[in-house]
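So the structure is just underneath, and the comments pick up after that.
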Amino acid sequence: QVQLVESGGGLVQAGGSLRLSCSASASGRSTMANYMAWYRQTPGKERELVASIAPSGTTTYADSVKGRFTISKDIRKNTLYLQMDRVNVEDTAVYYCYAHKGVPYWGQGTQVTVSS
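Numbering (the working numbering), first residue to last: 2 to 117.
Right, dumping it as structure tokens:
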């Protein structure tokens, strides 16, 4: 069983920065070696992929965050990160950590609110 715990969400002004963290427990090191991603969801909308990182380290980004967000991982710390720079009000959402280790695993989510 894999447990993912997000942290780092909160209130930030437009144009500011925020860093989200996702700590993987229970065989965390092997979890970090799998496909991991950040998703986000706003009320009434489907959960959308924000950024992903493959086992090879290859990263992908949604067009809406490309050039502003950076996904990375620290295998020694069993932690996935999402560095969010130059945020705007459209980035307001609950952000979820995702890992695929045979089956999908989700964190509980962390709220990010961007004020104008």
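We put the CB at the ideal spot given by N, CA and C, even for glycine.
Please classify R69: does DSSP put it in a helix, a strand, or coil? One-based indexing of the sequence shown puts residue 69 at position 68. R69: coil per DSSP, three-state reduction.
Distance, G10 Cα to D75 Cα: Stepping through the sequence shown from its first residue, residue 75 is reached at position 74. Stepping through the sequence shown from its first residue, residue 10 is reached at position 9. Computed Cα separation, rounded: 19 Å.
How about T93 and T114: are their beta carbons less than 7 Å apart? Translated into the one-based positions of the sequence shown, residue 93 becomes position 92. Translated into the one-based positions of the sequence shown, residue 114 becomes position 113. Yes.
Please classify R41: does DSSP put it in a helix, a strand, or coil? Counting from 1 along the sequence shown, the entry for residue 41 is found at position 40. In the structure shown, R41 sits in a strand (DSSP, three-state: E or B).
In chain order, what residues of the same chain have a beta carbon less than 7 Å from the beta carbon of P56, not counting five sequence neighbours either side? For this step, residue 56 is matched to residue 55 along the sequence shown. Once the five neighbours on either side are set aside, the close Cβ partners of P56 are A34, N35 and Y36.
Own chain residues within Cβ distance below 6 Å of T60, not counting five before or after: Position 59 of the sequence shown, counted from the first residue, corresponds to residue 60. So the qualifying residues of the chain are I54 and I72.
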